[in-house]
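Peer 1: Under the working numbering, the first residue of the sequence shown carries the number 35, and numbering increases by one thereafter. In this text, a Cβ means the ideal position worked out from N, Cα and C, and glycines have one as well. Would you mind keeping the following structure in view while I ask a few things?
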Amino acid sequence: MQSIKSILVKRFLLIFTILTILIISALIIGFREVAIKNAEDKALAIAGIIKAGLTAHMKNNIMDKRDYFLNEIQS
């Protein structure tokens, strides 16, 4: 027969283990969401730069150099 102390220790250990797993899972999911949002923001910023560059080329009537511009920003 187990003592009350050992039963309580086992239960508290189980509860703390479950809570630790839940907290770590929540942190991992949170970091994942932040990373996805950061990647989306960078992609939108790059798209805006490309749009502005191509618009400037169109306004200045130098669209014949469009391929050069796209190759430069690609590398």
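#1: In angstroms with no decimal places, state the Cα-to-Cα distance between Lys16 and Ile57.
#2: Is DSSP giving Asn105 helix, strand or coil here?
#3: Give the single residue among Met92, Ile84 and Leu78 whose Cα lies nearest to the Cα of Asn105.
#4: Alpha helix (DSSP H) containing Lys85: first to last residue?
#5: In whole angstroms, what is the alpha-carbon distance linking Glu74 and Ala90?
#6: Beta carbon of Phe103, beta carbon of Gly87: below 7 angstroms?
Peer 2: Let's see:
#1: Only positions 35 to 109 of the chain appear in the structure, and residue 16 is not among them; the question remains open.
#2: Position 71 of the sequence shown, counted from the start, is the residue given in the question as residue 105. Three-state DSSP puts Asn105 in a helix.
#3: Mapped onto the sequence shown, residue 105 falls at position 71. The residue with the shortest Cα to Cα distance from Asn105 is Ile84.
#4: Here residue 85 refers to the residue found at position 51 of the sequence shown. From DSSP, the alpha helix (DSSP H) with Lys85 extends over Ile38 to Lys93.
#5: Translated into the one-based positions of the sequence shown, residue 74 becomes position 40. Translated into the one-based positions of the sequence shown, residue 90 becomes position 56. Going by the C-alpha atoms only, they are around 24 angstroms apart.
#6: Within the sequence shown, residue 103 is the residue found at index 69, counting from 1. Within the sequence shown, residue 87 is the residue found at index 53, counting from 1. In this structure, Gly87 lies closer than 7 angstroms to Phe103 by Cβ.
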